[in-house]
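Only one structure is covered here, and it is reproduced in the block below.
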Amino acid sequence: MLVKVFGAAVQGINATLITIEVNCTKGIKFFLVGLPDASVKESHKRIVSAIQVSGFKYPRQQIVINMSPA
3 MLVKVFGAAV QGINATLITI EVNCTKGIKF FLVGLPDASV KESHKRIVSA IQVSGFKYPR
63 QQIVINMSPA
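For the sequence shown, our numbering assigns the number 3 to the initial residue and increments by one for each residue that follows.
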């Protein structure tokens with residue numbers, strides 16, 4: 003399943019439009035692509051937390067998330 007949504011990244015007073023693509027397939031890993039290293043680690047924790055707090059069960063599938071400037 004491929005889902006594409008848009009968001010924004012704020013840096014100081016500037017905002018950059020971000021394209022977020024999520025694909026869930028069979029597997030057990032979680033991958034974030036398209037961002038520098040420090041941002042990837044921070045985003046992973048936020049995504050996992052957002053899924054849990056929203057009342058969804060964390061999927062038992064491989065998740066690939068691509069975040070890039072739109």
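Beta carbons are placed, not taken as given, at the ideal position from N, Cα and C, and that holds for glycine. Keep in mind it's a predicted model, so treat the numbers as computed, not measured.
Assuming Q13 is part of the beta strand (DSSP E), what are its boundary residues?
By 1-based counting over the sequence shown, the position of residue 13 is 11. Here the beta strand (DSSP E) through Q13 covers L4 to Q13.
Helix or strand or just coil, what does DSSP make of Q64?
For this step, residue 64 is matched to residue 62 along the sequence shown. Looking at Q64 - three-state DSSP - the assignment turns out to be strand.
Rounded C-beta distance between G29 and Q54? I'm assuming under 8 Å.
Indexing the sequence shown from 1 puts residue 29 at position 27. Indexing the sequence shown from 1 puts residue 54 at position 52. Not confirmed; about 20 Å, so no contact.
Name the DSSP beta bridge partners of A17, please?
Here residue 17 is taken as the residue at index 15 of the sequence shown, counted from 1. In the DSSP output, where bridge partners are listed per residue, A17 has V12.
If you draw a straight line from the alpha carbon of Q13 to that of S56, how long is it in whole angstroms?
Here residue 13 refers to the residue found at position 11 when the sequence shown is read from its first residue. Here residue 56 refers to the residue found at position 54 when the sequence shown is read from its first residue. If you take the alpha carbons of Q13 and S56, they lie about 26 Å apart.
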